Amino acid sequence: MLLYLEQHELQLIVGRHNLKNQKLEQVSDKFRIIVPTLDEDDRFIDIGDELTIKSKDLNYSYIMQKEVYVAVSDEFPISQLLENKVDVFFHAVNWPLKCYHYVLDNMCHYNLENLINPKINTDHYTSSKVDLDWVHKNVANNEEQKTAVKNILNSSSYPAPYIIFGPPGTGKTTTLVEAICQIRKKYKSKNILVCTSSNAAADEITRRLLHLLRHKDVFRISDIDEQIYPISNFINDAVIYLPKEIFIWKKIVISTFVSCMRLANLKLQTNHFSYIFIDEASQNIEIESLIPFVITKNRTEATSHVQVVIAGDPYQLGPVISCKKIEHLLGRSLLERLMECEPYQKVNNKYNSRYITKLIFNYRSKEAIIYTSNKEFYEGDLLCFKKENTHSIISNWRTFSEKTFPVLFIKVNGEEIRTPNTSVYNEKEIAAVRVIVNKLMNSKIGSREIKEEDIGILTPFKQQKIMIERYVTNNITVGTIDTFQGQEREIIILSTVRSKVFEHNNKRHIGFWSNPKRFNVAMTRAKDLLIIIGNPHILCLEKYWYTVWQYCEENNATIFLDKILSEDFNI
1 MLLYLEQHEL
11 QLIVGRHNLK
21 NQKLEQVSDK
31 FRIIVPTLDE
41 DDRFIDIGDE
51 LTIKSKDLNY
61 SYIMQKEVYV
71 AVSDEFPISQ
81 LLENKVDVFF
91 HAVNWPLKCY
101 HYVLDNMCHY
111 NLENLINPKI
121 NTDHYTSSKV
131 DLDWVHKNVA
141 NNEEQKTAVK
151 NILNSSSYPA
161 PYIIFGPPGT
171 GKTTTLVEAI
181 CQIRKKYKSK
191 NILVCTSSNA
201 AADEITRRLL
211 HLLRHKDVFR
221 ISDIDEQIYP
231 ISNFINDAVI
241 YLPKEIFIWK
251 KIVISTFVSC
261 MRLANLKLQT
271 NHFSYIFIDE
281 ASQNIEIESL
291 IPFVITKNRT
301 EATSHVQVVI
311 AGDPYQLGPV
321 ISCKKIEHLL
331 GRSLLERLME
341 CEPYQKVNNK
351 YNSRYITKLI
361 FNYRSKEAII
371 YTSNKEFYEG
381 DLLCFKKENT
391 HSIISNWRTF
401 SEKTFPVLFI
411 KVNGEEIRTP
421 NTSVYNEKEI
431 AAVRVIVNKL
441 MNSKIGSREI
451 KEEDIGILTP
461 FKQQKIMIER
471 YVTNNITVGT
481 IDTFQGQERE
491 IIILSTVRSK
501 VFEHNNKRHI
511 GFWSNPKRFN
521 VAMTRAKDLL
531 IIIGNPHILC
541 LEKYWYTVWQ
551 YCEENNATIF
561 LDKILSEDFN
571 I
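Residue numbers for the sequence shown follow full-length UniProt numbering, beginning at 1 and rising by one.
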């Protein structure tokens, strides 16, 4: 029922673009309709999606930015077509939801109890004391990563999943790649399936594996990255699905969850895959995570020999649910729920490494940058590998010329303005971003000149992102927080936008920023410098924001925007 409600909501959202009585405009051998409500950041409608044009004479249509292009049969008179008016109807993409329904319909045929509701195995297990020939040198010096890899290699949690709890910047992907490489070394005949929620994550793991393993052993389902293209199922820009006779020889298969659904047609043996890795496990709904298990099982066999490895961080952003009324029910990941099960609970303030390893060395950020997240979400366990710089953070900028503290909170009392499409922007903060970027581009970080690629600009609102992009070059990444999860930059500029407090069910809140997971992602993207632009009087309504504000105050790292403008830019 939740899936049907989600489908209904998606259709309502894309239906807002529907048009009636539209005239077609001829462009070369096709015809075009401008849809003013479309934009390139619409996550519900992609370039190439199909739609319905209500006219019996039009046989194909596709979307390109704000334009809908229509092809017609050669026999139809063009003059008559240009005289007619048409209605345009958009359809929600429902293939992922169909996959979820397939999983639900087939759940009763499979024994997934050990995966869905794992229990502690009372059998005696002794962790391996033998050191391995490590592929990554940094893993050899990291006890948590070594423990995770050894236990995965020896299936210590079987039949329960093994969890790699990877806070930001702690080397989660490196741990996964190391584990896969060690499996290939020890078990030449075993097959591995890696599933992720995004193509970007699948590509990243594939690229890393290609540097370490034989290319012929790695197979990436549905990919267009140039480096990965030769070992993917794209041939001459067409998707080719390998026959079972060839596919079974691929030792490592990497796919998104939805693309993985294609394997159902191969009817693989239950024990074909010995390991199934789930990356980005916090970012997809629970039933999506079950796709690889349903499609790789045989209905006639009740047992499974697969060691499941689930990697992610339950304190970062979870799956996106369009129907807000059911978000608290459908929007929970398998990882988040499993973390509440007995094998993954702390006993005497320690995790049972037979079932879960929490990575604690942060290789990305300076200690001050992750201070708040470490305190509020990770129980103060994170240790920074990166040494603090005792010299000034930014040269040639008076505000930073004597500062070594890598966080700056710029106080801005701007006004948020809501657009007709319900997104929000803040002109004063946009101006602040422009000034800060210009100053950074004439400065150095340490002894190195700052490049455009070093800077990332984050904001929770799409309209703010669009407006900031008008004033910066393409080499400076501007993104919403939701789309920036998993990325990092040397310098992050965070435009918070918010200048209003809202009330719902007699509780005051600050909208998007009341989500602690969104806050956590935003705070953990910067490596060397985090610049926050916002109104502390509004933001500090939430305890996480109050913590970071107090921390900046204690370290003399807050300043009014007007002071920066007058002192540093003579404005």
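C-beta: ideal position from N, C-alpha, C; glycine also.
Owing to the predicted nature of the structure, the values given are computational and were not obtained by experimental measurement.
- Annotated as proximal: residue 493 and residue 457, with beta-carbon spacing under 7 Å.
- According to the DSSP assignment, residue 484 belongs to the alpha helix (DSSP H) that extends over 481 to 484.
- Minimum Cα-Cα distance from residue 159 among the listed residues 426, 276, 150 corresponds to 276.
- For the pair residue 499 and residue 463, the CB atoms are not nearer than the 7 Å cut-off.
- Taking the C-beta atoms as reference points, residue 512 is found no nearer than 7 Å to residue 544.
- In this structure residue 4 is exposed. Its beta-carbon is surrounded by fewer than 16 other beta-carbon atoms within 10 angstroms.
- Residue 125 places its beta carbon 7 Å or farther from that of residue 155.
- With a minimum length of 4 residues, the unbroken runs of alpha helix (DSSP H) contained wholly in the stretch 417 to 466 fall at 427 to 440.
- Put simply, the backbone Cα of residue 328 is about 16 Å away from that of residue 340.
- Here the C-alpha atom of residue 178 lies approximately 15 Å from the C-alpha atom of residue 218.
- A Cβ-Cβ separation of about 14 Å leaves residue 353 out of contact with residue 121 under the 8 Å criterion.
- The alpha carbon of residue 421 has as its nearest neighbour, out of 30, 38, 22, the alpha carbon of 38.
- Here DSSP, grouped into helix, strand and coil, assigns residue 195 to strand.
- In the structure shown, residue 499 adopts coil according to DSSP, grouped into three states.
- Judged by DSSP in its simplified three-state form, residue 267 adopts coil rather than helix or strand.
- Counting only runs of 4 or more residues that sit fully inside the stretch 332 to 402, the alpha helix (DSSP H) segments are 334 to 338, 371 to 377, in chain order.
- In its chain, beyond the 5 residues on either side, 294 have a beta carbon closer than 6 Å to the beta carbon of residue 106.
- By the criterion of a C-beta distance shorter than 8 Å, residue 147 is surrounded in its chain by 127, 353, 357, once the five residues flanking it on both sides are discounted.
- Secondary structure note for residue 277: its beta strand (DSSP E) is the uninterrupted segment 273 to 278.
- With 16 or more other Cβ atoms inside 10 Å of its own Cβ, residue 220 counts as buried.
- Secondary structure note for residue 519: its alpha helix (DSSP H) is the uninterrupted segment 516 to 523.
- Rounded to whole angstroms, the gap between the alpha carbons of residue 345 and residue 378 is 14 Å.
- Using a C-beta cut-off of 8 Å, the stretch 553 to 567 makes contact with the stretch 398 to 413, since at least three inter-stretch Cβ pairs fall below that distance.
- Below 8 Å, enough C-beta pairs join the stretch 253 to 268 and the stretch 190 to 197 to call them touching: three or more.
- Here residue 269 is exposed, its C-beta having fewer than 16 other C-beta atoms within 10 Å.
- Taking 7 Å as the cut-off, the Cβ atoms of residue 523 and residue 404 do not count as close.
- In this structure, DSSP gives residue 405 a state outside helix and strand, which the three-state scheme calls coil.
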